[in-house]
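Novice: Sequence positions in the sequence shown follow the UniProt record's numbering and run 1 to 315.
Glycine is no exception: its CB is placed at the ideal position from the N, C-alpha and C atoms.
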Amino acid sequence: MRPQTSALLAAAAATAAWLLYKKKKKRRVVITGCCGNLGRKLGAYLQERGVEVVGIEHPDYCAKGSEPPCDRVVQGDAQQPGGVPWRRVLAGADAVVHFSAVNPYPNADWSESSGSMDHAFNVALAAADAGVPRFILASSNHVMGGYKDDHKHGVVKPSDAPRVGTALNDPAAAQRAGDAVAYAAAKLAAERLLAALAHVRPRTVFLALRVGWCQPGINSPRTIGASGVPPAFETAGAAASVKDDSHDDAWFRGMWLSNGDFLRLFGAAALSDRIPGSGYHCVNAMSANTNARWSLDETEALLGVRPRDDAASYG
């Protein structure tokens, strides 16, 4: 056998062995905010698919409710950037999914949103430094909420200029739910950090999914309220209903993200082999709602998954 042929066969055998190892190796995904609404849903979904799930959560949240669906939970404060245990679990992870925030709802004030920026910055930088192949940010549709009342704009694409915050037309509802400006500014800042990191940390691909409205629990579109804020987190008292304004109602129903579509999109973001190995990519993450103004073409192109549920099907 010629030496050149022998070398080619050896290289092919090594490649095949590596691919087999990679196929057999159990994937490990780290989820920040693993005790929250989205973290719990994704953790259970990934575990059902044989993924090792490692959660990172603040001790105060770990003390509330039942154990999250994780193989292991590391308690820590993501606002603290250095010398903390949560950084060590990033090494060797296949992906990091970042949900953690001081206040994960759109009525977050500037102090809370500043803390949420710290969470995103610290975790993204730590993941990049650890050489994690994939970092996934749960961003928000509120980054583009200013398009709600711009009826001439048409479909909102990820590449459109940001318009942070979502103002409600009903004054009483707006007072109760807030305008989501501070919340959206924190999400936008995290997106821009990922875009910058993509140029200097080429070992990591950075994904931002602008999440629509995925409520806790069964997440029925029939229970939608203003700005996506559960009553316990509203700025004052009772839940604000978007029924006060038909245009607001249509906008918020259009941004609904079903549990099934959420899991399919984030599952693909964490596990799909079609995701590019580097760069920064931002897509919308809403269900396929009738008359919605969110472009999902970029979502399908990146993730290989197109949302299929529709709020209109629920009446």
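1. Give the straight-line distance between the Cα atoms of Ala127 and Ser113, rounded to the nearest whole angstrom.
2. With DSSP as the reference, label Glu57 as helix, strand or coil.
3. Taking the straight line between their C-alpha atoms, what separation do you get for Asp297 and Val97?
4. Quick check: what's the CA-CA separation for Tyr105 versus Asp273?
5. What would DSSP say about Gln75, mapped onto helix, strand or coil?
6. Mapping the DSSP letters down to three states, classify Asn122 as helix, strand or coil.
7. Just tell me which of Ala124, Gly154 and Gly260 has its CA closest to the CA of Leu137.
8. Let me check you understand the geometry: is the CB of His281 closer than 7 Å to at least one non-hydrogen atom of the ligand MG?
9. At a cut of 8 Å, does the region 160-176 reach the region 131-151 through at least three beta carbon pairs?
10. According to the Cβ coordinates, are Arg222 and Cys282 closer than 8 Å?
11. Which residues mark the beginning and the end of the alpha helix (DSSP H) in which Phe266 is found?
12. Please confirm whether Leu90 and Ala120 have their CB atoms less than 8 Å apart.
13. So, for Ala236: in the same chain, excluding its five sequence neighbours on each side, which residues have a beta-carbon less than 6 Å away from its beta-carbon?
14. Within the same chain, show all residues whose beta-carbon is closer than 8 Å to that of Ser220, passing over the 5 residues directly before and after it, in chain order.
15. I think Gly76 touches Val84, with their Cβ atoms under 8 Å apart; what is that distance to the nearest whole Å?
16. Who pairs with Thr32 in a beta bridge, going by DSSP?
17. Determine the contact status of Val305 and Leu265, defining contact as a CB-CB distance below 8 Å.
18. Tell me Ala208's beta-bridge partners as DSSP assigns them.
19. With respect to the alpha helix (DSSP H) encompassing Gly254, which residues constitute its N-terminal and C-terminal limits?
20. Can you tell me whether Val73 is buried or exposed? The criterion is at least 16 other CB atoms within 10 Å of its CB, across all chains shown.
21. Thinking C-beta only, is Arg40 closer than 8 Å to Pro68?
22. Between the C-alpha atoms of Leu46 and Gly267, what's the straight-line distance to the nearest angstrom?
23. When the Cα atoms are used, what is the spatial distance from Ser287 to Arg201?
24. Cα separation between His151 and Trp294?
25. Within 10 angstroms of its Cβ, does Val155 collect 16 or more other Cβ (buried), or is it exposed?
26. Would you report the Cα separation of Leu42 and Asp248, rounded to the nearest angstrom?
27. Whose CA, out of Ala161, Leu263 and Val30, lies closest to the CA of Ile56?
Specialist: For this structure:
1. Position 127 of the sequence shown holds residue 127. Position 113 of the sequence shown holds residue 113. Distance between the alpha carbons of Ala127 and Ser113 is about 21 Å.
2. On the sequence shown, residue 57 is found 57 positions in, with the first residue counted as 1. Reduced to three states, the DSSP call for Glu57 is strand.
3. Start at 1 with the first residue of the sequence shown, and residue 297 comes out as number 297. Start at 1 with the first residue of the sequence shown, and residue 97 comes out as number 97. Between Asp297 and Val97, the C-alpha separation is close to 22 Å.
4. For the purposes of this step, residue 105 is taken as the residue at position 105 of the sequence shown. For the purposes of this step, residue 273 is taken as the residue at position 273 of the sequence shown. Whole-angstrom Cα-Cα distance: 31 Å.
5. If you number the sequence shown from 1, residue 75 lands on position 75. Correct three-state label for Gln75: strand.
6. Within the sequence shown, residue 122 is the residue found at index 122, counting from 1. In the structure shown, Asn122 sits in a helix (DSSP, three-state: H, G or I).
7. For the purposes of this step, residue 137 is taken as the residue at position 137 of the sequence shown. Nearest of Ala124, Gly154 and Gly260 to Leu137, Cα basis: Ala124.
8. Because no ligand of any kind appears in the structure shown, any question about the ligand MG cannot be addressed here.
9. yes
10. Translated into positions along the sequence shown, residue 222 becomes position 222. Translated into positions along the sequence shown, residue 282 becomes position 282. No.
11. Against the sequence shown, residue 266 aligns to sequence position 266. Where Phe266 is concerned, the enclosing alpha helix (DSSP H) stretches over Asn259 to Leu271.
12. If you number the sequence shown from 1, residue 90 lands on position 90. If you number the sequence shown from 1, residue 120 lands on position 120. The answer is no: Cβ separation not under 8 Å.
13. Counted from its first residue, the sequence shown places residue 236 at position 236. With a pLDDT of only 46 at Ala236, under 50, the local geometry of the prediction cannot be trusted, and the value read off the model is given with reservation. These residues qualify, in order along the chain: Arg176.
14. By one-based count along the sequence shown, residue 220 stands at place 220. Excluding sequence neighbours, Ser220 sits near Tyr314.
15. One-based indexing of the sequence shown puts residue 76 at position 76. One-based indexing of the sequence shown puts residue 84 at position 84. Sure, about 5 Å apart at Cβ, within 8 Å.
16. For the purposes of this step, residue 32 is identified with residue 32 of the sequence shown, where counting begins at 1. For Thr32, which the question treats as bridged, DSSP gives the partners Ile56 and His98.
17. For this step, residue 305 is matched to residue 305 along the sequence shown. For this step, residue 265 is matched to residue 265 along the sequence shown. Cβ distance < 8 Å, so Val305 and Leu265 count as in contact.
18. In the sequence shown, the residue the question calls residue 208 occupies position 208. Looking at the DSSP assignment, Ala208 forms a beta bridge with Leu137 and Cys282.
19. Counted from its first residue, the sequence shown places residue 254 at position 254. Per DSSP, Gly254 belongs to the alpha helix (DSSP H) from Ser246 to Gly254.
20. Stepping through the sequence shown from its first residue, residue 73 is reached at position 73. It counts as buried.
21. Residue numbering aside, residue 68 sits at position 68 when the sequence shown is read from its first letter. Residue numbering aside, residue 40 sits at position 40 when the sequence shown is read from its first letter. Yes; because the gap between Cβ atoms is below 8 Å, this pair is in contact.
22. The sequence position of residue 46 within the sequence shown is 46, counting from 1. The sequence position of residue 267 within the sequence shown is 267, counting from 1. In a straight line, the C-alpha of Leu46 is about 7 Å away from that of Gly267.
23. In the sequence shown, residue 287 corresponds to position 287, counting from 1. In the sequence shown, residue 201 corresponds to position 201, counting from 1. Between Ser287 and Arg201, the C-alpha separation is close to 32 Å.
24. Residue numbering aside, residue 151 sits at position 151 when the sequence shown is read from its first letter. Residue numbering aside, residue 294 sits at position 294 when the sequence shown is read from its first letter. Going by the C-alpha atoms only, they are around 13 Å apart.
25. The sequence position of residue 155 within the sequence shown is 155, counting from 1. Exposed is the call here.
26. Start at 1 with the first residue of the sequence shown, and residue 42 comes out as number 42. Start at 1 with the first residue of the sequence shown, and residue 248 comes out as number 248. Distance between the alpha carbons of Leu42 and Asp248: 29 Å.
27. Start at 1 with the first residue of the sequence shown, and residue 56 comes out as number 56. Here the closest residue by C-alpha is Val30.
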